[in-house]
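>
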Amino acid sequence: SAVISQKPSRDICQRGTSLTIQCQVDSQVTMMFWYRQQPGQSLTLIATANQGSEATYESGFVIDKFPISRPNLTFSTLTVSNMSPEDSSIYLCSVRAQDQPQHFGDGTRLSIL
Amino acid sequence: DAKTTQPPSMDCAEGRAANLPCNHSTISGNEYVYWYRQIHSQGPQYIIHGLKNNETNEMASLIITEDRKSSTLILPHATLRDTAVYYCIVRASGTYKYIFGTGTRLKVLA
Numbered sequence: 002s003a004v005i006s007q008k009p010s011r012d013i014c015q016r017g018t019s020l021t022i023q024c025q026v027d028s029q030v031t032m033m034f035w036y037r038q039q040p041g042q043s044l045t046l047i048a049t050a051n052q053g054s055e056a057t058y059e060s061g062f063v064i065d066k067f068p069i070s071r072p073n074l075t076f077s078t079l080t081v082s083n084m085s086p087e088d089s090s091i092y093l094c095s096v097r098a099q100d101q102p103q104h105f106g107d108g109t110r111l112s113i114l
Numbered sequence: 214d215a216k217t218t219q220p221p222s223m224d225c226a227e228g229r230a231a232n233l234p235c236n237h238s239t240i241s242g243n244e245y246v247y248w249y250r251q252i253h254s255q256g257p258q259y260i261i262h263g264l265k266n267n268e269t270n271e272m273a274s275l276i277i278t279e280d281r282k283s284s285t286l287i288l289p290h291a292t293l294r295d296t297a298v299y300y301c302i303v304r305a306s307g308t309y310k311y312i313f314g315t316g317t318r319l320k321v322l323a
């Protein structure tokens, strides 16, 4: 299965600032996804990162708050913009290769002060 | 989109089989059932998936009822390292998106 690296693994940020999270895969994959996991909760899909085009966002998530890039088949970024304490969560990248189930990175633990 | 219902928590004695149930009564005919687990501080780990037939791999077995409205994940000999939150997921129809439910927190007891 694909090896997924997320950076940073954790961060503490000031409210009002933005943070960009990187997701790097060791092989080309067909699909990449971004999830949020709020404290003590399950995972919620934020968006599907589309290679070479705008991401597809789920209900309740907007591009201005969570801009996503996917310049190629092995890399994607998620930016959490204008952060508030409510954005404190784990943000996870997942990937899907052809005919394979999704595989997840270990996430980025984000705390907003 | 099919949704899943799981008990919030379960205990299992070490060395015994852990049977984790999942209801997915609105599943449609071409939707797969996936199982993942999440150990603290890690991302979800894929365990197994199936469509209609029972499946087995080195980690677990998946039993799907004939009407496909429910399934059971079986860990044949649970160890302390199997303590985790287990998620039963039905892939959203026509897409590759996962809709996570609340999961079952399995605690394996020594």
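Listed in order, the protein sequences are those of chains B and V. First residue of the first sequence: 2, per my numbering; consecutive thereafter. First residue of the second sequence: 214, per my numbering; consecutive thereafter. We treat Cβ as the ideally placed atom computed from N, Cα and C, and that holds for glycine.
Note down, in chain order, each residue of its chain lying with its Cβ closer than 8 Å to the Cβ of F76(B), except the 5 sequence neighbours on either side.
Once the five neighbours on either side are set aside, the close Cβ partners of F76(B) are Q23, C24, Q25, V26.
> Comparing alpha-carbon positions, which option in S19(B), S95(B), S43(B), Q99(B) lies nearest S6(B)?
Answer by Cα proximity: S95(B).
> Between the alpha carbons of S241(V) and C225(V), how many angstroms are there, rounded?
Cα to Cα, the separation comes out at about 32 Å.
> Put L293(V) into one of helix, strand or coil per three-state DSSP.
L293(V) falls in the helix class under three-state DSSP.
> Mind pulling the beta strand (DSSP E) runs of 3 or more residues that sit fully within the stretch 254–282 of chain V?
Fully enclosed beta strand (DSSP E) runs of 3 or longer: 258–263, 274–277.
> Taking the alpha-carbon of L74(B) as reference, which of D12(B), L111(B), Q15(B), T49(B) has the nearest alpha-carbon?
L74(B) has its Cα closest to that of T49(B), out of D12(B), L111(B), Q15(B), T49(B).
> Quick one: what does DSSP say D88(B) is sitting in, helix, strand or coil?
Helix at D88(B).
> Just checking, does the stretch 295–315 of chain V make contact with the stretch 246–256 of chain V on the three C-beta pairs under 8 Å criterion?
Yes: at least three Cβ pairs fall under 8 Å.
> Alpha carbon to alpha carbon, what distance is there between T285(V) and R229(V)?
Computed Cα separation, rounded: 15 Å.
> So M33(B) contacts chain V; which residues on that side make the cut at Cβ distance below 9 Å?
Simply none; closest approach about 11 Å.
> Just checking: is the beta-carbon of F105(B) within a distance shorter than 8 Å of some beta-carbon in chain V?
Closer than 8 Å to some Cβ of chain V, the Cβ of F105(B) qualifies, so yes.
> Among K282(V), L319(V), G307(V), P289(V), whose alpha-carbon lies nearest the alpha-carbon of Y300(V)?
Taking only the C-alpha atoms, the option nearest Y300(V) is L319(V).
> Counting only beta-carbon atoms, is K310(V) nearer than 8 Å to chain B?
Answer yes: the Cβ-Cβ gap between K310(V) and chain B drops below 8 Å somewhere.
> For R37(B), count the other beta carbons within 10 Å of its own beta carbon; 16 or more makes it buried, fewer makes it exposed. Which is it?
Classification for R37(B): buried.
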